[in-house]
Every structure is written in C-alpha cells, then in structure tokens.
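Down below is the structure, laid out as structure tokens.
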C-alpha cells in the first residue's frame with residue numbers, strides 16, 4: 114500500500130511539473146488572463162501522465178484563446194461547455210483533418226468530465242460580452258482604431274470592426290479573409306467567408322467604403338487582409354491583433370463576439386427574417402438568434 118501511495122504522488126508530481134514547464138505560444142498578456150485557469154483544469158483528470166497533460170495543455174489553450182476572441186469569460190465551466198467545444202472544433206479547427214478535430218473534441222470532453230462541467234450550452238446572451246454595442250460605442254471604437262500607434266495596427270483595428278460589426282464574421286473567420294474575398298459590386302460590398310461555413314455576406318452600409326478601400330489597397334495581391342504578414346495559425350490572427358490594440362478609457366472593450374452580436378442585432382432590427390439571418394451568419398441553431406431578441410430596440 115505504501116508503494117502505491119508513493120506512486121500516486123509520483124505521477125501527480127510529474128504532471129504538475131509538466132504543467133509548470135508548459136511554454137505556450139501565446140503572448141504574455143493573453144496568457145496572464147487564461148494561464149491559471151488552464152493549469153487548474155489540466156490538473157484535474159485522474160489518473161494522468163505528463164504526456165497526456167502536454168496534450169491537454171495545448172488543446173485547452175487553443176480553446177481558451179478561441180473563447181477569449183469571442184468575448185467569453187476566462188472560466189473553465191464556460192470554455193468546456195458543449196457549445197464552445199463544438200464551435201471550436203468546427204470553426205476554430207476547420208483547417209485541420211477530421212481525425213485531429215475528433216481527437217481535440219475527445220480531450221476537451223474528458224477535461225469537462227474531470228472538471229465537473231455539466232455540458233449545458235452557454236447561450237449567446239449569458240454574459241455582458243454578448244451584448245451588442247450601441248451606435249455611440251461603435252463610433253468610439255472606430256475613433257480609437259484611428260489612434261493606434263502604427264499604420265498597420267490602425268488598418269487592422271478598422272478591419273476587425275468592419276468585418277465583425279459590418280459583416281458578422283467570427284474571430285477565426287476574420288483571420289482567413291483575403292483581399293480578393295471582398296468584392297465591391299455596383300449595389301453593395303460582398304465578403305466571401307471561407308471555412309466550414311463558407312457563405313457570402315453583404316456588408317452593412319456604414320462599413321462598405323472602409324472594407325472596399327482596404328481590399329483595393331491590396332488589389333492584385335493574394336494576401337490576407339488582417340495582419341497580412343502573419344502566415345501561421347491564421348485562425349488566431351484576430352485574437353493576436355486584439356491583444357495589441359490599446360483603447361482609451363472612454364472606449365468600450367473590443368471583443369469580436371460583441372461585434373458579431375452588433376451585426377446580428379442590426380439585422381433583427383431591420384426586420385430580416387430569422388432563417389435568412391441564420392443562413393448569412395452561418396448559424397445552425399435559431400435559439401442563438403432568439404436569445405438576441407432581448408437586445409433589439411434597446412440600443
């Protein structure tokens with residue numbers, strides 16, 4: 114029995130040492146927000162091995178970054194909801210093979226079980242970060258984008274707002290937009306969305322000109338619009354850009370999830386039918402839209 118107890122403590126110590134040594138490919142500011150919660154959750158499964166812990170750490174960190182880019186709070190109970198696990202594997206991992214996505218989902222569900230997460234979906238309106246921006250808030254964010262410290266960051270901040278609040282793209286989708294995906298047609302500006310939910314989205318009028326100008330500035334180039342010099346992990350380009358943006362005190366926090374919610378609310382307020390909105394938003398569950406109705410007319 115004494116040997117068994119010693120062995121038990123040995124693997125726990127090895128797993129804890131592996132967690133402490135983990136070096137994520139994440140900027141320090143982001144890791145400061147999510148790191149402690151990632152470590153806490155990965156320490157929960159029993160039994161575990163250092164090799165398993167390494168896989169858990171990498172996958173959960175990717176999920177946490179995916180969730181943060183959409184405005185979710187840094188809590189394991191939120192990250193490991195079935196809704197977010199499905200969204201992460203379908204949207205955030207769209208560039209990976211089906212077998213890899215299945216492995217990621219399996220790891221995350223094991224962590225959810227160990228952490229005691231009940232698997233209930235986190236609705237769009239569950240947190241303040243799902244609330245649409247008011248028109249004045251969007252104006253302050255746009256002004257703040259113009260005040261960023263470099264021309265590249267100013268352009269990227271405007272693209273985040275334009276593709277989020279103007280077209281309803283998720284953080285991962287924004288990262289994959291190329292210059293030739295934005296098309297200036299006679300009657301509208303249309304954005305071709307890539308990935309598993311490929312679709313065409315008509316930009317809202319206030320954002321047509323900035324998006325068209327951004328695309329025209331790179332006419333003839335096969336390049337990404339946002340952070341064009343970043344070639345790896347394009348699904349993280351939006352969250353990486355968000356981490357660099359500095360906002361004045363009078364501006365609200367910038368979250369891609371709230372930008373998308375702003376776009377959804379604008380369509381609902383315009384009287385567009387729910388099935389049509391679901392189609393252009395790449396949404397399978399109309400409950401996501403009905404949760405938005407509480408915000409309509411209150412902005």
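In this note's numbering, the protein residues as written are 114 to 412.
Glycine included, C-beta positions come from ideal geometry on N, C-alpha and C.
- Around the beta carbon of residue 369, 16 or more other beta carbons sit within 10 angstroms, so the residue counts as buried.
- Looking at 298, 174, 250, the one whose alpha-carbon comes closest to that of residue 220 is 174.
- In the three-state DSSP reduction, residue 307 falls in the coil class, being neither helix nor strand.
- Along the length of the segment 287-336, whole beta strand (DSSP E) runs at least 3 residues long occupy 295-297, 302-306, 312-315, reported in chain order.
- Cβ neighbours of residue 146 within its own chain (closer than 8 Å, five residues either side excluded): 181, 187.
- When 383, 202, 316, 294 are compared, the shortest CA-CA separation from residue 300 is found for 316.
- Here the alpha carbons of residue 407 and residue 260 stand approximately 33 Å from one another.
- For the options 262, 246, 257, the alpha carbon positioned closest to that of residue 281 is the one of 246.
- Going by C-alpha positions, residue 183 is about 10 Å away from residue 374.
- Within the model, the alpha-carbon separation for residue 162 versus residue 125 is close to 8 Å.
- Per DSSP, the unbroken alpha helix (DSSP H) holding residue 217 starts and ends at 211-228.
- Of the residues 250, 376, 312, 308, the one whose Cα lies closest to the Cα of residue 209 is 308.
- Listed in chain order, the beta strand (DSSP E) runs fully inside the segment 351-387 amount to none, counting runs of at least 3 residues.
- Under the Cβ criterion (8 Å, minimum of three pairs), the segment 288-299 does not count as touching the segment 371-389.
- In this structure, DSSP gives residue 145 a helical state, which the three-state scheme calls helix.
- Assigned with DSSP and collapsed to three states, residue 140 falls in coil, not helix or strand.
- Judged by beta-carbon spacing, residue 179 lies beyond the 9 Å limit of residue 353, meaning their Cβ atoms are not closer than that value.
- Residue 274 is not a Cβ neighbour of residue 399, given a cutoff of 9 Å.
- Beta-carbon to beta-carbon, residue 288 and residue 339 are separated by about 6 Å, close enough to satisfy the 8 Å threshold.
- In this structure, the beta-carbon distance from residue 378 to residue 335 does not fall below 9 Å.
- By the criterion of a C-beta distance shorter than 8 Å, residue 197 is surrounded in its chain by 176, 179, 180, 185, 191, 235, once the five residues flanking it on both sides are discounted.
- For residue 358 against residue 270, the beta-carbon gap comes to about 5 Å, under 8 Å, which counts as contact.
- Pairing residue 402 with residue 128, the inter-Cα distance amounts to about 42 Å.
- The three-state reading of DSSP puts residue 174 in helix, counting H, G and I together.
- Shown here for residue 250: same chain residues with a beta carbon closer than 6 Å to its own, the five before and five after excluded, namely 365 in chain order.
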